Each structure stands twice: as C-alpha cells, then as structure tokens.
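When you read off a place in the sequence shown, starting at 1, and then add 1, the result is the number in my numbering.
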Amino acid sequence: MALPQHHSCNKPILVTTLSLLILALTKILYPQLYIKFSLTLVVPLAIIYYFFFKSSTSTALPPGHFPFPIFGNWIKVGNDLNHRLLASMAQTYGPVFLLKLGSKNLVVVSDAELATQVLHTQGVEFGSRPRNVVFDIFTGNGQDMVFTVYGDHWRKMRRIMTLPFFTNKVVHNYSNMWEEEMDLVVNDLKKDENVKSKGIVIRKRLQLMLYNIMCRMMFDAKFESQEDPLFIEATRFNSERSRLAQSFEYNYGDFIPLLRPLLRGYLNKCRDLQTRRLAFFNNYYGEISEENVLYIVENINVAAIETTLWSMEWAIAELVNHPHVQHRIRQEISRVLNGEAVKESNLHQLPYLQATVKETLRLHTPIPLLVPHMNLEEAKLGGFTIPRESKVVVNAWWLANNPKWWKNPEEFRPERFLKEEHGTDAAVAGGKVDFRFLPFGVGRRSCPGIILALAILGLVIAKLVTNFELKPPSGTHQIDKRIISHVTLRVVL
Ligand code: HEM
2 MALPQHHSCN KPILVTTLSL LILALTKILY PQLYIKFSLT LVVPLAIIYY FFFKSSTSTA
62 LPPGHFPFPI FGNWIKVGND LNHRLLASMA QTYGPVFLLK LGSKNLVVVS DAELATQVLH
122 TQGVEFGSRP RNVVFDIFTG NGQDMVFTVY GDHWRKMRRI MTLPFFTNKV VHNYSNMWEE
182 EMDLVVNDLK KDENVKSKGI VIRKRLQLML YNIMCRMMFD AKFESQEDPL FIEATRFNSE
242 RSRLAQSFEY NYGDFIPLLR PLLRGYLNKC RDLQTRRLAF FNNYYGEISE ENVLYIVENI
302 NVAAIETTLW SMEWAIAELV NHPHVQHRIR QEISRVLNGE AVKESNLHQL PYLQATVKET
362 LRLHTPIPLL VPHMNLEEAK LGGFTIPRES KVVVNAWWLA NNPKWWKNPE EFRPERFLKE
422 EHGTDAAVAG GKVDFRFLPF GVGRRSCPGI ILALAILGLV IAKLVTNFEL KPPSGTHQID
482 KRIISHVTLR VVL
C-alpha cells in the first residue's frame, strides 16, 4: 500500500518566502547587519515557524499518485476512470485513495466498511453531489433531486416524489399497467417473422416499453410506436443529454478553472439542448408549470429508464448464454404457480427468478460507481482527511465482484443467492444491509426507484422466458457481451 500524502496549508510557505525577502532586503539596505540579523533572528524564526506550523496543520490525505502542478494526476490516469480501472488502482493504493484531477479531488472507496461510512454512518456529511458547469445547466443549478446538494431542496423533492412514485402502493396500483405494456412486447415479438429466423435487436422495443411505463405513470399518456415522432424526439433529446453530460470533452474546463472560458461553445450547446428538452416536456404535457415538477420529469427520464433498460439487456444476454437458467426459471414458475400467471403480487414466491435479477445486477451493476457523492465540509474517512467538496465515488461493482468476498465472481450463477449468499439482498430500506451488494446504493441518497425496478425486471424476465426460448442470433452460439447494446436476440416461440 502507498504511503499517505501530506498536505499543509500555504501559510508556512508564505512565511518562509517573506523571511527570505526580508533577508534579501537587509542584505541590500544594511549589508553590515545582514549576517548578524539573519543568524540570530530571521532564519531560526522561519525554521521554527515552518516546522511548528507544518506539523500542527498537516493532515494525512488518502494515498494516491503524486500530483503534478496544475494537472494533478489527470495526465497520468486519463479520462476514462471506469470501475475496472479504479478497482485495479485500489489494489495498489488500498480501499480509499485520492486522485487529483486538475484542481478537483476524486476520492475512490473500494471496500464495504468504508462504503458503510460514506453511505450510511456519515450519510449526511457525504450526502451531497459534486457539481460542475455542465450539470449546473442540466439541473438548472441544482433544482432537481438526483444531482442536488443534501439539504432542504433535496428533502422537499424526495418528499414530493415519494407518493406518486416510490411506495409499495404505487407498485401495486401500476403493476397491471406494467404487465399490459409487457404483454404488448410479447405480442409484437410473436407477430414479427424476423424474430424466429434471424433474430432482432430487442433494445428499441424494450426502450419503448419503459418510456411508456414511465409516461403512463407520469402523464397517463403513451407513445404510439417506435416510429412515433414524439418518441423519436424524446429518445433523441435524452441520449443527447447523456452524451453531453457524460462526455470527457469538457474535462479540461472542469478540472482547470483557468481554461473554463474555452468551454463557452460546449456550454452553449448544453444550454440550447436543455431549453429545447424542457420545452418539449412542457409543451406536450401542458399542465406542468411548476419548475419542481418539470425537474421531476427530467429526473425520471435520466434515472429510471436507461438503468432499467441496461439491466434488462444484460439479463437477456445472460439468459441466452445460460439456457439452463431459463429452464430453471420456467420450472420454478410452473411448479410454484401451477399455471397461474406471474404477477407482481406473486413474485415473492419465485426465489430463483429473484436470484436471477440479483445476479444480473451484481455482475453488470448498471451504475457501477453509484452517483458520485460529495462532502460539503472537510471530513474524515478511514483515518484520512477528505478535503471539502471532494467527489467521492463508491466502487459498487468491485464490492460485488471482488474475489476476496465472492466465490468465482466472474461467473453468472443465480444459484449463489440461494446457497452461499442466501441472506444477501440488494439494500432495501429497513432490511438488513450487506454492503458488498449495493446496486442501488444505500442510505439517504439511495435509489428510491428500487421497488419499481426490481418488480419490473422480475416481471419482464418471467414474461419473456415463459413465452419464448431466448437464443443467440442465428449462426452464433453465444451473445458477445462486449457489444451488448447492439445485441441481436433470437427468440423461439
Ligand atoms: C435497475 C434499475 C436502477 C438502478 C440500478 C438504479 C440505481 C441507482 C443508484 C446507484 C443511485 C444512486 C445511489 C447513491 O448515490 O448512493 C440511484 C439514484 C436514484 N434513482 Fe435509481 N436506479 C434504478 C432505477 C430507478 C427507477 C426506476 C427510478 C424511478 C422511477 C429511479 C430513481 C432514482 C432517483 C430519483 C435517484 C436519486 C436519489 C437521490 O439522489 O436522492 N431509479 N439509482
């Protein structure tokens, strides 16, 4: 493990510099006094002050690469700080390490105990979200919920959103509608000749289904088809927003404040998109006038649809590559339900189906580093000092895929959740939390959509597996998991 870094405030350096300046001036103005003055007064004072002050204010930062001036570690580590790269860096630097990206601090947490600290024990201290110029545009300077700092506004938004979206009653009331939308998918697949022969890319159809599920919940309205111009516009707006917000293109202006003026063109593009996007949400669903409500819609578009869609795609890919899992799900359903249809209300009787959902979220954690957290004030973590306003990420993927804690973690094996991991649940409020498995985060900023997402995933897998045999595209034996978003799926009736 690397040694901790030390930092101290700039004061001792200032004092030392001033002392040297006084010495230089003395030498010029009173050369006869110079040696005496320097030996008896300035040098000892500066030395004493430097060491005393340094030792009293220096604090141990988490370990990490040595930072270069201005750029910090950015040039060395590059832009793509994905969960796998960060997991490999954790092997060198340990469970908490610090990277300096220009003027910004990135703290990476890679073990369950420290994750508990960040998300739960010190949930208030680390409960904010880092901001940057691009996110400020897309969130109207933090008027939303997902990316806003911890405080009154966040509390209010979470309260407003809970009743219409995040209660068991909501799940219960809407599950028939969800099933209706899923049955439409099954019917469309059955009608499509290509499905049986070559196979189809299923993503677009599932995407329409999820947009319709969320739109019916929010506005009691839905899109006609994949060709519906409104659907095309909505998906285009959202994917352009994701591209602009997640791009590495603006890192230089974000990390190095001096270069920010050069970002003007990029930021104008973001502003223009956001204005058109909000007008789109507003125009077509006219009763929305309150800014709060608008950002709730915005957040559902950002947080709910793609995450659930990715999970579905991964689940399908793994089911195709593991036909025996499909077989076991079918067996469980027919044994337990005796010909009765799978419903939200009987999902709890199907532990193998639920284990399949969990295993998908473990191996393919949709938000592997969670949504970044931030500490408004200087904080302590694992004995280290975390400078104020650090971006703190928890590597949830690594917690769920570290061979130290999981048996053959690279294997897709739902059975693990019925055997050695039978007590492990995705952290649900009120339940026992296992901090090795946090696909939805945990604590104050955890995903409030967890109950919807788990039910929707369980239902859609059950529907697909009971209606079809899921196969790889003709001429192949496996789905290539590196190209998951272009996956062609062949289903056999
Ligand atoms: C498989 C699907 C999903 C996954 C894996 C997922 C995961 C997450 C994660 C990891 C976070 C951040 C937790 C943290 O920072 O500690 C989050 C936040 C959030 N999610 Fe989800 N989510 C999913 C589906 C949904 C759905 C369906 C909704 C809404 C209907 C939703 C709404 C939200 C909101 C509003 C937040 C922000 C909470 C806050 O900042 O206080 N998510 N989600």
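Glycine included, each C-beta is placed from N, C-alpha and C at the ideal position. If you're wondering where the values come from, they're calculated on a predicted model, not measured in any experiment.
Q. According to DSSP, is Thr168 helix, strand or coil?
A. Of the three classes helix, strand and coil, the one that applies to Thr168 here is coil, per DSSP.
Q: For Gly266, count neighbouring Cβ atoms within 10 angstroms of its own Cβ and tell me buried if that reaches 16, exposed if not.
A: By the 10 Å Cβ count, Gly266 comes out exposed.
Q) Under the three-state reduction of DSSP, which class applies to Leu362: helix, strand or coil? A) In this structure, Leu362 counts as helix in the three-state DSSP scheme.
Q: Just the C-alpha distance for Asp229 and Leu207, rounded to the nearest angstrom, thanks.
A: C-alpha separation (whole angstroms): 15 Å.
Q) In chain order, what residues of the same chain have a beta carbon less than 6 Å from the beta carbon of Ile452, not counting five sequence neighbours either side? A) Val172, listed in sequence order.
Q: Express the C-alpha separation of Gln327 and Glu345 in angstroms, rounding to a whole number.
A: Their backbone Cα atoms lie some 19 Å apart in a straight line.
Q) Can you give the beta carbon distance from Pro68 to Pro373, rounded, assuming they're within the 8 Å contact cut? A) About 20 Å separates the two Cβ atoms, so there is no contact after all.
Q) Curious, which full-length beta strand (DSSP E) runs of at least 3 residues does the stretch 341-390 contain? A) If we require 3 residues or more, the beta strand (DSSP E) runs fully inside the stretch 341-390 come out as 380-382, 385-387.
Q.
Under 7 Å: does the beta carbon of Ala454 sit that close to some heavy atom of the ligand HEM?
A. When distances are taken from the beta-carbon of Ala454 to the heavy atoms of the ligand HEM, the shortest one is below 7 Å.
Q | Straight-line Cα distance separating Leu371 from Leu382 | A | Those two C-alpha atoms are separated by around 18 Å.
Q: Run the proximity test for Ala113: is its beta-carbon closer than 7 Å to any non-hydrogen atom belonging to the ligand HEM?
A: No, the beta carbon of Ala113 sits no closer than 7 Å to any heavy atom of the ligand HEM.
Q: Return the Cβ separation of Asp307 and Phe282 in integer angstroms, given the expectation that the two are a contact with Cβ distance under 8 Å.
A: A small fix is needed here, since residue 307 is Glu in this sequence, not Asp. Actually they are not in contact, since the Cβ atoms of Glu307 and Phe282 sit about 17 Å apart, beyond 8 Å.
Q) Between Ile159 and the rest of its own chain, which residues show a CB-CB distance below 8 Å, the 5 nearest in sequence each way excluded? A) Note on identity: in this sequence residue 159 is Arg, with Ile being the wrong assignment. Residues of the same chain with a CB within less than 8 Å of the CB of Arg159, apart from the 5 flanking positions on each side, are Met146, Pro449 in chain order.
Q) Rounded C-beta distance between Arg331 and Val466? I'm assuming under 8 Å. A) Taking a contact as a CB-CB distance under 8 Å, the pair Arg331 and Val466 counts as one, their CB atoms being some 6 Å apart.
Q. Can you tell me where the beta strand (DSSP E) with Lys472 in it begins and where it stops?
A. Bounds of the beta strand (DSSP E) holding Lys472 are 470-472.
**Q.** Integer Cβ distance of Ser111 from Asn396, believed to fall under 8 Å
**A.** The beta carbons of Ser111 and Asn396 sit about 5 Å from each other, so the pair counts as a contact at 8 Å.
(Q) Using 8 Å for Cβ pairs, my map puts Gly444 next to Gly124. What's the rounded Cβ distance? (A) Their Cβ separation, rounded to whole angstroms, is 4 Å, which keeps Gly444 and Gly124 in contact under 8 Å.
Q.
Taking 6 Å as the limit between beta carbons, can you name the residues of its chain near Leu82, skipping five residues before and five after?
A. Nothing listed; no residue qualifies.
**Q.** Ranges of the alpha helix (DSSP H) found wholly within the stretch 146-216, counting only runs of at least 4
**A.** 153-166, 169-192, 194-197, all fully within the stretch 146-216.
Q) Can you check whether the CB of Lys192 is closer than 8 Å to the CB of Gln227? A) Contact: no.
Q | Candidates Glu225, Ile76, Leu107: closest to Thr386 by CA position | A | Per the Cα distances, Leu107.
Q.
The beta strand (DSSP E) that contains Phe256, what's its start and end?
A. Premise fails: Phe256 lies in the alpha helix (DSSP H), 252-256, not in any beta strand (DSSP E).
**Q.** Range covered by the alpha helix (DSSP H) that runs through Lys77
**A.** If you look at Lys77, you'll find it in the alpha helix (DSSP H) that goes 75-78.
Q: May I ask you to check if the CB of His154 is nearer than 7 Å to at least one heavy atom of the ligand HEM?
A: A distance criterion of 7 Å places the beta-carbon of His154 beyond contact range of the ligand HEM, judged by its closest non-hydrogen atom.
Q. Candidates Asn80, Glu333, Ile71, Gln92: which alpha carbon is nearest Gly65's?
A. The candidate whose alpha carbon is nearest that of Gly65 is Gln92.
Q: Tell me, please, which residues DSSP counts as bridged to Leu102.
A: Answer is Gly73, Lys105.
Q: Return the first residue and the last residue of the beta strand (DSSP E) that Val119 is part of.
A: Looking at the DSSP string, Val119 is not in any beta strand (DSSP E), and its letter there is neither H nor E.
Q: Less than 8 Å between the CB atoms is what I'm expecting for Val187 and Asn468, so what's the real figure, rounded?
A: Contact between Val187 and Asn468 holds, since their C-beta atoms are separated by about 5 Å, short of 8 Å.
Q: May I have the straight-line CA-CA distance separating Glu250 from Asn347, to the nearest angstrom?
A: Glu250 and Asn347: Cα-Cα distance of roughly 47 Å.
Q | Same chain only: Cβ atoms within 8 Å of Asp1, ignoring 5 sequence neighbours per side | A | Residue 1 falls outside the range modelled here, since the chain spans only 2 to 494, and no answer is possible.
(Q) Please classify Asn177 as buried or exposed, where buried requires at least 16 other C-beta atoms within 10 Å of its C-beta. (A) Exposure of Asn177 is indicated by the presence of fewer than 16 other C-beta atoms within 10 angstroms of its C-beta.
Q: Compute the minimum distance between the beta carbon of Cys216 and the heavy atoms of the ligand HEM, and state whether it is under 7 Å.
A: No, the Cβ of Cys216 stays beyond 7 Å of every heavy atom of the ligand HEM.
Q) Does DSSP classify Asp481 as helix, strand or coil? A) Asp481: coil per DSSP, three-state reduction.
Q. Near Ser104, what residues of its chain come up, given a Cβ to Cβ distance below 7 Å and the 5 sequence neighbours on each side ignored?
A. In the same chain as Ser104, and ignoring 5 residues on each side of it, the C-beta atoms closer than 7 Å to its own belong to Phe256, Ile257, Pro258, in chain order.
Q) Apart from the five residues on each side of it in sequence, which residues of its chain come closer than 7 Å, Cβ to Cβ, to Pro473? A) Once the five neighbours on either side are set aside, the close Cβ partners of Pro473 are Val321, Gln479, Ile480, Arg491.
(Q) For Ala380 and Thr149, what's the separation of their Cα atoms in angstroms? (A) When rounded, the distance between both Cα atoms is 19 Å.
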